[in-house]
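K.L.:
First the structure, which I've put down as structure tokens, then a few questions once you've had a look.
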Ligand code: NAD
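Here is the structure:
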């Protein structure tokens, strides 16, 4: 069984969905977990339900705020072993309907937000020359998807943040990997009609949508010593779905 006793972990966007399930999965095996949310009361409530040590406020689009929070967590707990850059948004739009603010919001949250988090994590982990980072890519970023050009582009970028950062940080003992979930039943996909959900489940070889816990367990594996020689990978958690 994976044991993360004594490890300090940070999960962004941890108030619900995959982030919340990941915070819980890490805390369950002994990690001291700090999760973040954009709203203070929701972050605190989520921390209590996940068994996390703290729930802090963070908007990942704010580079300074990310740097300050990550530094603060590492200082308070003496180190930072695990960072899961999970915060992200998905807004669908056909090519002809894409507006500039959709591009700005998606890229500043998914790409810049992930980048700020990885950068700050690397700085905090560098001192101890050990650490593990996981970022949230997507099956859509690997294959593309009609009506999701902006989101797909952002998630392809996220996958390449993991691949590139892994190359830079390996000699510092820091591993960086991505998970690429398929269609997971969370608030992010709650806009899908029952018909669309059934269609996605039908296209998935394992015959169902994923759960937040399906993804959390794989993230827990990647950040643990079980994956000590795994870095720069983009691991599908998609039930075999190929778009
Ligand atoms: P969700 O909408 O349930 O949760 C997303 C979390 O990110 C929320 O807590 C939200 O508050 C937070 N967030 C959004 N913008 C933020 C910002 N600027 N600063 C800080 N936090 C912010 O979605 P989810 O399904 O749990 O998705 C989690 C991650 O997994 C996302 O990066 C998403 O793109 C990715 N993903 C999800 C699916 C899926 O099918 N659900 C598939 C592939 C990838």
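Numbering (the working numbering), first residue to last: 383 to 625. Backbone N, C-alpha and C define an ideal beta-carbon position, used for all residues, glycine too. None of these values were measured; they are calculated from a predicted model.
Please classify residue 417: does DSSP put it in a helix, a strand, or coil?
P.N.:
strand
K.L.:
With a threshold of 16 other CB atoms inside 10 Å of the CB of residue 412, please say whether the residue is buried or exposed.
P.N.:
exposed
K.L.:
Does ligand 1 have a heavy atom nearer than 7 Å to the CB of residue 468?
P.N.:
Yes.
K.L.:
So does residue 450 have its beta carbon nearer than 7 Å to some heavy atom of ligand 1?
P.N.:
no
K.L.:
Closer than 8 Å by C-beta to residue 522: which residues in its own chain qualify, once you throw out the five before and the five after it? Chain order, please.
P.N.:
These residues qualify, in order along the chain: 530, 533, 534, 537 and 625.
K.L.:
Taking contact to mean 3 or more Cβ pairs, one atom from each stretch, closer than 8 Å, check whether the stretch 548–562 and the stretch 510–525 are in contact.
P.N.:
Yes, since at least three Cβ pairs between the stretch 548–562 and the stretch 510–525 fall closer than 8 Å, the two stretches touch.
K.L.:
Confirm the yes/no value for this check: CB of residue 350, any heavy atom of ligand 1, distance under 7 Å.
P.N.:
Absent from the structure is residue 350, since the part of the chain shown begins at 383 and ends at 625.
K.L.:
Counting beta carbon pairs with one atom in the stretch 398–405 and one in the stretch 429–444, are three or more of them shorter than 8 Å?
P.N.:
A contact exists between the stretch 429–444 and the stretch 398–405.
K.L.:
For the structure I just gave you, are there three or more beta carbon pairs, one from the stretch 442–449 and one from the stretch 579–591, closer than 8 Å?
P.N.:
With the cut-off at 8 Å, the stretch 442–449 and the stretch 579–591 do not touch.
K.L.:
Can you tell which of 468, 422, 460 and 602 has the C-alpha that lies nearest to the C-alpha of residue 384?
P.N.:
With distances taken between Cα atoms, residue 384 lies closest to 602.
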